[in-house]
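Undergrad: Chains as they are written, first to last, in this note's numbering: chain A, 15 to 79; chain B, 2 to 340.
The beta carbon of each residue, even a glycine, is placed where N, CA and C say it ideally should be.
It should be emphasised that the depicted structure is a prediction, and the values quoted were computed from it without experimental measurement.
Here you go, one structure.
Here it is, written out as structure tokens:
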């Protein structure tokens, strides 16, 4: 139960990562340069990976005692 | 468009000039290869989102099974000390009953997991619909989630022991009136199942959008020659160019076409991403709201049900009372005196 409650916060963080990345992409498009694109996406991937792993772990069935 | 009367070489030149002119109009600088990596990220994000959405239904099912299991088991008060041999025997029986009850709890949890898997399958059915939805439908679905969960809570309360729930926080502002009304059902978890399915639908809208953005960055068809092969062959056949020169021109034109499509994709991404930004923000707001409020309420209800289950069915005698003289089976009112 604790893991599932924690997963809510992690899920929200993962959504915020998408929001932040989309915003950064738009900002970069507006700036007219593509040099930062790779770093934006790389930052997103590095941020979301542990979040997603945490969510999936919370819902991985465990054996009953 | 090249005139039919033009020679193959002239047509080739026109194609090159036109493509070059179009490229000159490109004013977007977007790293397409970087965007493509987002698609892979969504492959991982999607099952995680599906798991948390499906658990809204799974939580309801687990509560239901726990309540049913609790009603099926005798209420047992287990003495902890000072029992007679006969009472000791009864204590062992009670312990056995406790073990059976624990197995029942484990079974209930397993059933809850199985139902969660069922909810996952149900969520997959929604995937096709989600791909065709747009933001207004997403918002309407989520409003319906709010309604479904509230109805679920009231239905569950009517069919089982009431579970105190915190007052729901107010909806985010400017949400439209729900468009869908859940059908009446005797299944107390039907609404949670619907809510989980709809939640997952909106999750998929979000991940599909990002994936579409990524796919747009990488969508090209390298197997299409766009007629350049035959055009280069015609040019070569005129004898004006040698084979190698014809191939070089063909490759140059193919690269220009690829660049042209990349330019189109960059423009499309720049325009679509801007247009979608507001909708994306709204969808994320709603998804966060559902997770923080509706799903958390569901988990709170489940926690309360678990607490009630243990409180109602087995608990130890409080310390400080006289040595227990009996094991009481509350459901029958029978008391066994100490010998």
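Out of B/275, B/53, B/274, B/58, point me to the one whose CA is closest to residue 192 of chain B's CA.
TA: As a first step, residue 192 of chain B is located in the second chain; it is residue number 191 there, counting from the start. Checked all of B/275, B/53, B/274, B/58; the closest Cα to residue 192 of chain B is B/58.
Undergrad: For the segment 282-300 of chain B, enumerate the residues whose C-beta is nearer than 7 Å to any C-beta of chain A, in chain order.
TA: The segment 282-300 of chain B vs chain A, Cβ under 7 Å: 282, 285, 288, 289, 292, 293, 296, 297, 300.
Undergrad: Buried or exposed: residue 275 of chain B, going by 16 or more other Cβ atoms within 10 Å of its Cβ?
TA: For the purposes of this step, residue 275 of chain B is taken as the residue at position 274 of the second chain. It counts as exposed.
Undergrad: Just tell me which of A/59, A/62, A/56, A/37 has its CA closest to the CA of residue 280 of chain B.
TA: Walking along the second chain from the start, residue 280 of chain B turns up at place 279. Answer by Cα proximity: A/37.
Undergrad: From B/189, B/307, B/278, pick the residue whose C-alpha is nearest to that of residue 207 of chain B; which is it?
TA: If you number the second chain from 1, residue 207 of chain B lands on position 206. Of the listed residues, the one whose Cα sits closest to residue 207 of chain B is B/278.
Undergrad: What number of angstroms, rounded off, separates the C-alpha of residue 72 of chain A from the C-alpha of residue 43 of chain B?
TA: Start at 1 with the first residue of the first chain, and residue 72 of chain A comes out as number 58. Start at 1 with the first residue of the second chain, and residue 43 of chain B comes out as number 42. Their Cα atoms are separated by approximately 19 Å.
Undergrad: Look up residue 48 of chain B in the DSSP assignment and say whether it is helix, strand or coil.
TA: By one-based count along the second chain, residue 48 of chain B stands at place 47. If DSSP states are grouped into helix, strand and coil, residue 48 of chain B belongs with the helices.
Undergrad: Mind listing which residues of the segment 27-40 of chain A have their C-beta closer than 7 Å to chain B's C-betas, in chain order?
TA: Answer set for the segment 27-40 of chain A: 28, 29, 32, 33, 36, 39, 40.
Undergrad: Report yes if the C-beta distance between residue 70 of chain A and residue 300 of chain B is below 8 Å; otherwise report no.
TA: To locate residue 70 of chain A, count along the first chain from 1; it is residue 56. To locate residue 300 of chain B, count along the second chain from 1; it is residue 299. No; because the gap between Cβ atoms is not below 8 Å, this pair is not in contact.
Undergrad: Are there 16 or more other CB atoms within 10 angstroms of the CB of residue 282 of chain B, so buried, or fewer, so exposed?
TA: Within the second chain, the letter at position 281 stands for residue 282 of chain B. So residue 282 of chain B ends up on the exposed side.
Undergrad: Near residue 292 of chain B, what residues of its chain come up, given a Cβ to Cβ distance below 8 Å and the 5 sequence neighbours on each side ignored?
TA: Locating residue 292 of chain B in the second chain gives position 291, counting from the first residue. Same-chain partners within the cutoff: 53.
Undergrad: Determine whether the Cβ of residue 21 of chain A lies closer than 8 Å to any Cβ atom of chain B.
TA: Taking the first chain and counting its residues from 1, one reaches residue 21 of chain A at position 7. Closer than 8 Å to some Cβ of chain B, the Cβ of residue 21 of chain A qualifies, so yes.
Undergrad: Helix or strand or just coil, what does DSSP make of residue 189 of chain B?
TA: Reading the second chain from its first residue, position 188 is the one you call residue 189 of chain B. Of the three classes helix, strand and coil, the one that applies to residue 189 of chain B here is coil, per DSSP.
Undergrad: Which residues in the same chain have their Cβ closer than 6 Å to the Cβ of residue 296 of chain B, if we skip the five residues on either side of it in sequence?
TA: In the second chain, the residue the question calls residue 296 of chain B occupies position 295. Cβ neighbours of residue 296 of chain B beyond the five flanking positions: 57.
Undergrad: For residue 170 of chain B, which residues in the same chain have their Cβ closer than 7 Å to its Cβ, ignoring the five residues on either side in sequence?
TA: By 1-based counting over the second chain, the position of residue 170 of chain B is 169. Confidence at residue 170 of chain B is low in this model, with a pLDDT of 39, below 50, so the placement of that residue should be treated as unreliable; the coordinate-derived value is given next. Closer than 7 Å at Cβ, skipping near neighbours: 294.
Undergrad: Under 7 Å between beta-carbons, which chain A residues line up against residue 211 of chain B? List them in chain order, please.
TA: Locating residue 211 of chain B in the second chain gives position 210, counting from the first residue. Residues of chain A passing the Cβ test: 32.
Undergrad: Does residue 207 of chain B have its Cβ less than 8 Å from a Cβ in chain A?
TA: Counting from one through the second chain, the residue named residue 207 of chain B turns up at place 206. Closer than 8 Å: yes.
Undergrad: Run through DSSP, which three-state label would residue 166 of chain B get?
TA: Residue mapping note: residue 166 of chain B aligns to position 165 of the second chain, counting from 1. Low local confidence applies: a pLDDT of 38 at residue 166 of chain B is under 50, so the model's placement there is unreliable, with the coordinate-based value given in what follows. Looking at residue 166 of chain B - three-state DSSP - the assignment turns out to be coil, as it is neither helix nor strand.
Undergrad: Could you check whether residue 55 of chain A and residue 42 of chain A sit closer than 8 Å to each other, using their CB atoms as the reference points?
TA: Looking up residue 42 of chain A in the first chain gives position 28. Looking up residue 55 of chain A in the first chain gives position 41. Not a contact, by the Cβ cut-off of 8 Å.
Undergrad: Under 7 Å between beta-carbons, which chain A residues line up against residue 52 of chain B? List them in chain order, please.
TA: Taking the second chain and counting its residues from 1, one reaches residue 52 of chain B at position 51. Neighbours of residue 52 of chain B on chain A, chain order: 69, 70, 73.
Undergrad: Among the residues of its own chain, which have a CB less than 7 Å from the CB of residue 306 of chain B, if the five just before and after it don't count?
TA: As a first step, residue 306 of chain B is located in the second chain; it is residue number 305 there, counting from the start. If we look at residue 306 of chain B and ignore the five residues flanking it on each side, its Cβ neighbours are 64, 67, 68, 164.
Undergrad: Please report how far the alpha carbon of residue 46 of chain B lies from the alpha carbon of residue 312 of chain B, in whole angstroms.
TA: Here residue 46 of chain B corresponds to residue number 45 of the second chain, with the count starting at 1. Here residue 312 of chain B corresponds to residue number 311 of the second chain, with the count starting at 1. Answer to the nearest angstrom: the Cα atoms are 39 Å apart.
Undergrad: What in chain A is Cβ-close to residue 304 of chain B, meaning under 8 Å?
TA: Position 303 of the second chain, counting from 1, holds the residue named residue 304 of chain B. Within 8 Å Cβ-Cβ: 15.
Undergrad: Put residue 74 of chain A into one of helix, strand or coil per three-state DSSP.
TA: As a working mapping, residue 74 of chain A is identified with position 60 in the first chain. Residue 74 of chain A falls in the coil class under three-state DSSP.
Undergrad: What is the rounded straight-line gap between the Cα of residue 64 of chain A and the Cα of residue 21 of chain A?
TA: In the first chain, the residue the question calls residue 64 of chain A occupies position 50. In the first chain, the residue the question calls residue 21 of chain A occupies position 7. Taking the straight line from one Cα to the other gives about 12 Å.
Undergrad: Quick one: list the residues of chain A neighbouring residue 44 of chain B, beta-carbon separation under 7 Å, in chain order.
TA: Along the second chain, one-based indexing puts residue 44 of chain B at 43. The premise fails here: residue 44 of chain B is roughly 10 Å from chain A at the closest Cβ pair, so nothing lies under 7 Å.
Undergrad: Just to confirm my understanding: we take residue 200 of chain B, look at its own chain, exclude 5 residues before and 5 after, and list those with CB closer than 7 Å. What are they?
TA: Sequence index remark: in the second chain, residue 200 of chain B carries index 199 (1-based). The answer, listed in chain order, is 54, 57, 146, 291.
Undergrad: At least one CB of chain A closer than 8 Å to the CB of residue 49 of chain B: is that the case?
TA: Here residue 49 of chain B refers to the residue found at position 48 when the second chain is read from its first residue. So, interface residue.
Undergrad: When you compare only the Cα positions, how much space is there between residue 40 of chain A and residue 30 of chain A?
TA: Within the first chain, residue 40 of chain A is the residue found at index 26, counting from 1. Within the first chain, residue 30 of chain A is the residue found at index 16, counting from 1. One C-alpha to the other measures close to 15 Å.
Undergrad: Select from B/310, B/298, B/288 the residue whose C-alpha is nearest the C-alpha of residue 26 of chain A.
TA: The residue you call residue 26 of chain A lines up with position 12 of the first chain. Ranking the options by Cα distance to residue 26 of chain A, first place goes to B/288.
Undergrad: Check whether the Cβ atoms of residue 32 of chain A and residue 211 of chain B lie closer than 8 Å to each other.
TA: As a first step, residue 32 of chain A must be located in the first chain, where it is residue number 18. As a first step, residue 211 of chain B must be located in the second chain, where it is residue number 210. Yes, Cβ-Cβ distance for residue 32 of chain A and residue 211 of chain B is below 8 Å.
Undergrad: Give the straight-line distance between the Cα atoms of residue 59 of chain A and residue 198 of chain B, rounded to the nearest whole angstrom.
TA: Here the question's residue 59 of chain A lines up with position 45 in the first chain. Here the question's residue 198 of chain B lines up with position 197 in the second chain. Those two C-alpha atoms are separated by around 27 Å.
Undergrad: Taking DSSP as the reference, what is the three-state secondary structure of residue 57 of chain B?
TA: Within the second chain, the letter at position 56 stands for residue 57 of chain B. In the structure shown, residue 57 of chain B sits in a helix (DSSP, three-state: H, G or I).
Undergrad: Are the beta-carbon atoms belonging to residue 66 of chain A and residue 49 of chain B less than 8 Å from one another?
TA: By one-based count along the first chain, residue 66 of chain A stands at place 52. By one-based count along the second chain, residue 49 of chain B stands at place 48. Yes, the pair counts as a contact, with Cβ atoms nearer than the cut-off.
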